[in-house]
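In what follows, a single structure is set out as C-alpha cells and then discussed.
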Amino acid sequence: MSAARRAAVEALIHQEKAGYSNLVLDGRLRRSGLTGRDKAFCTAIFYTVLEHQITLDWQLRQCLNRPVTRLDPPVRAVLRAGLAQIVYMQVPPAAAVNESVTLVRKLGCSSAAGLVNAVLRRAPAQDPAAAKFPNRAARLSVQYSVAEPIVRLYLAAYPTRAEQLLLSMSTPSKETALRVNTLRTSPEQLAQRLADEGTPSRPGPLPGSLLAAFEGSPIQSAAFAEGLFHVQGLSSQLAALSLDAQPGQKVLDLCAAPGGKTLLLAQQMQDTGCLYSRDAAEGRVSLIRQALERSGIQCADVACADASVWQPELARADRVLCDVPCSGLGILRKKPDLRYKTLGELPSLCVLQAKILATASRYVKEGGRLVYSTCTLNPQENEYQIEQFLAGEEGAKFRLVPPPFHPEQASEGPFGMTIFPDETGFDGFFIATLERL
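If you read the sequence shown in our numbering, its first letter stands for residue 204, the second for the next number, and so on.
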C-alpha cells in the first residue's frame, strides 16, 4: 500500500494548488499505474482528507507550535493523510505512523520525520467534542469540517436544524440514485439486470428511480454502457419531473450539463417533440451529447449558449427548466471541495440567477410551465429569487403551483419547496414550479 499512500499524498499536494478534486485524483491515478485495492485505498485516503480537512487540521494544530498552513506542503499532506487513516479509516496507528514517516523521507523532507512521528502519535487523541471554542459556529465548523461562513449561513437560515444538516452532509449515502431509461427498459427489468451483474438495488421513492449499491463505479456497469440508466440524484430527478414534460412538446433545459435532466425530460417526452438542451460551458456540452448518444435519444438539440441571454428560436416553449448555477451548499457530501467555500461569490451569483430566471420566463407560452431549481440551501438563492421575480412585471404573469411529489424531508413555503438532505438519497435542493397565466 506504500505506492497508494504516496499517490494520495501527491494528489493532495496538487489539489492545494488548483483544480477540481475528481480531475486531480483521476490524473494522478492514471500516472501511478495503481490497480485494484491500491487504487481504492489511494482514492479513500484522498477523499477522506478532503471531507475532514478542517477537523484534521484542528487536531494537528493542537500538537504543533505553528499553524498547519505554515508547514511544507509535503509534510502537511503526509500528516493529514496519516491522521485520516488512523481516525477515519481504521488503519492500525502503528502502521499509519511508520508508513507516514517513511513517506515524508521519500518526499525529500527527512528533517520532518521526527515531527511526523510525534504528531501522529498524539493527534488522534485530540477530541473537538471535549474542547472549548469561541462560539457555536467555530465548534460546528471543526466538528463537521465545514467552513465557518457556511455554518453561519445554516445557523441563520435554519437555527433549529443546522446541526442536523451538517450531520447529514457528513454522512455518505450508501446507495447510488439511478434514473431508469424508460425508453429502453423498466425499473423491474433494470433491477434484475443489475442483480445479474452482482449489484443489489431497490425501487426508489420517485417513479422511474432505483437505489443501487455498487461496489465500484456505476459507469463500469455493462447496463450503463448500454444506456439503460444514468446516475442522477433524487432531488435533481424531482426538479426535472416537476416540469411535467409531455410527448410532442417544445421543452427547454437551459443549464443542462452534464445531461441527466435532459435525459429524463426526453424520456418523459417519449423521445418526441423538440427538446432544446443548452449549457454555457463548451467543454460540458460534449458530456450531454455523449449521454444522449449512449441513451439512444433523438429528440434533443444540443448547443452551447448562455442562459441569461435571449435566444429568439427558443420562444413559445411549453416547458422551461432552469437549474441555475448556485453555491452548491446542498450537495457538500457529494462534492467535498465545496465544504471550504468562503461565499464571496454569492452577490454576483445571485445576480446571474436572477438574469437567467428573467430570461427563462420570457420563453414560456401561456399555460406553459417554468421550473427554477438549485442544489443549495441558501434562501438568498432560493425563496428570495422567486419572491423578487413574482413581485416584478414579468413575474406577475405567473403563479406558483404544487410540485408533483413532496418528499417527507421537504418543506413547502410560499415561494417553493426546500428539500433537506437525508440518508435516503435526497440532496439539499430548492424547486419552484411556476405556470404562466
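C-beta: ideal position from N, C-alpha, C; glycine also.
So, helix, strand or coil for residue i, using DSSP?
i           : result
residue 296 : helix
residue 606 : coil
residue 366 : helix
residue 637 : strand
residue 522 : strand
residue 632 : strand
residue 252 : helix
residue 417 : coil
residue 425 : helix
residue 302 : helix
residue 412 : strand
residue 498 : helix
residue 613 : strand
From what residue to what residue does the alpha helix (DSSP H) around residue i run?
i           : result
residue 278 : 276 to 291
residue 373 : Residue 373 -> no alpha helix (DSSP H), and no H or E assigned at all.
residue 465 : 463 to 471
residue 218 : 205 to 220
residue 227 : 224 to 235
residue 443 : 437 to 444
residue 399 : 390 to 399
I'd like the span of the beta strand (DSSP E) that includes residue i, first residue to last.
i           : result
residue 456 : 453 to 456
residue 383 : 379 to 383
residue 622 : 619 to 622
residue 432 : 432 to 434
residue 404 : 404 to 406
residue 481 : 477 to 482
residue 505 : 503 to 507
Short of 8 Å in beta carbon distance, which residues of its chain neighbour residue i, apart from the five on each side in sequence? Order them along the chain.
i           : result
residue 368 : 357, 361, 580, 623, 624, 631
residue 332 : 346
residue 314 : none
residue 451 : 472, 475, 476
residue 168 : Only positions 204 to 640 of the chain appear in this structure, which leaves residue 168 out of reach.
residue 549 : 530, 581, 583, 584
residue 400 : 424, 425, 426
residue 316 : 304, 307, 308
If I measure Cβ to Cβ from residue i and keep anything under 7 Å in the same chain, skipping five residues before and after, which residues do I get?
i           : result
residue 344 : 257, 350, 351, 354
residue 586 : 616, 618, 619
residue 300 : 285, 320, 323, 324
residue 224 : 218, 253, 539, 540
residue 390 : 383, 406, 411, 413
residue 409 : 437, 440, 441, 444, 608
residue 211 : 245, 248, 249, 284
residue 497 : 430
Output needed for residue i: all residues of its chain with C-beta closer than 6 Å, excluding positions within five of it in sequence on either side, in chain order.
i           : result
residue 227 : 214, 217, 218
residue 433 : 382, 463, 466
residue 535 : 372, 541, 542
residue 480 : 456, 459, 465, 491, 503, 505
residue 290 : 327
residue 559 : 510, 511, 525, 527
residue 448 : 454, 468, 471, 472, 522
Please classify residue i as buried or exposed, where buried requires at least 16 other C-beta atoms within 10 Å of its C-beta.
i           : result
residue 453 : buried
residue 196 : This structure leaves residue 196 out entirely; the chain is present only between 204 and 640.
residue 422 : exposed
residue 288 : buried
residue 229 : exposed
residue 472 : buried
residue 269 : exposed
residue 292 : exposed
residue 556 : buried
residue 531 : buried
residue 495 : buried
residue 607 : exposed
residue 262 : buried
residue 640 : exposed
residue 238 : exposed
residue 251 : buried
residue 435 : buried
residue 273 : exposed
residue 523 : buried
residue 231 : buried
residue 330 : exposed
residue 376 : buried
residue 614 : exposed
residue 340 : buried
Tell me whether residue i, by its Cβ, gets closer than 7 Å to a heavy atom of the ligand GTP.
i           : result
residue 379 : What this structure holds is no ligand at all, so the ligand GTP is not there to describe.
Could you pull out every unbroken alpha helix (DSSP H) segment of at least 4 residues lying fully inside the segment 525 to 576, listed in chain order? Whole alpha helix (DSSP H) segments, 4+ residues: 549 to 566.
Which residue spans inside the segment 304 to 361 form an unbroken alpha helix (DSSP H) run of at least 4? Fully enclosed alpha helix (DSSP H) runs of 4 or longer: 316 to 325, 339 to 347, 351 to 360.
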